[in-house]
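Colleague:
In our numbering, the protein residues as written are 1 to 209.
(1) State yes or no: is the C-beta of residue 134 within less than 8 Å of the C-beta of residue 106?
(2) For a quick check, are the C-beta atoms of residue 16 and residue 36 less than 8 Å apart?
(3) If you measure between the beta carbons of residue 141 and residue 122, is that distance less than 8 Å?
(4) Is the Cβ-Cβ distance between residue 177 and residue 143 less than 8 Å?
(5) What is the DSSP secondary structure of residue 168, reduced to helix, strand or coil?
(6) If you draw a straight line from the alpha carbon of residue 92 to that of residue 167, how long is it in whole angstroms?
(7) Less than 6 Å between C-beta atoms, sequence neighbours within five positions excluded: which residues of the same chain meet that for residue 65?
(8) Taking all protein chains shown into account, decide if residue 67 is buried (16 or more other Cβ within 10 angstroms of its Cβ) or exposed.
(9) Along the chain, where does the alpha helix (DSSP H) containing residue 84 start, and where does it finish?
(10) Rounded to a whole number of angstroms, what is the C-alpha to C-alpha distance between residue 127 and residue 25?
(11) Once you ignore the five residues that flank residue 163 on each side, which residues in its own chain have a CB closer than 7 Å to its CB?
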């Protein structure tokens, strides 16, 4: 018959692996928060293993990690969840009020861009804002690749993207998006106009022996 220590030995690694997937997947505030709850279960289980086997270092390490995980729970299921609820409520109420509809800035990054045919053609990864008038200069879209590997970045004019309760929408399809100029990773343009100007791109320095 399995003892409590045996059960903790199984729960600890399983909870740690599940929690790592939940937090790394970046599926939203609440999923991340629950990931920290599972992390806490794992650190408590590891502490039980440490007590049963007399491993002081393991006990101190997971005791500290338990405190860190509790802070993560408070941040994601407490403070961050309240922020998300507030922005969602404002966006929902704006749909019925006689005011322009609202869309949370925090929800832009990671939002899926829907094309004119209703298919998802990319993901919004960032946006550059002009300091002069606090308006978006361009929106950066990622398309292709898996997990960021092999992805291609392209910039769209904010006027081409409509933000709604269903997420960002544009009148392009995947083929039209693929014809837009590529952004150089780590060297984005100062403006959309500069994207088409070779002189505005950073020079490529050849290394000589």
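Ideal Cβ placement from N, Cα and C applies to all residues, glycine included. Here the structure is a predicted model, which means the values were calculated and not measured.
Modeller: In brief:
(1) no
(2) no
(3) yes
(4) Their beta carbons are under 8 Å apart, which means residue 177 touches residue 143 by this criterion.
(5) strand
(6) 13 Å
(7) Around residue 65: 43.
(8) exposed
(9) For residue 84, the enclosing alpha helix (DSSP H) has its first and last residue at 80-96.
(10) 21 Å
(11) These residues qualify, in order along the chain: 103.
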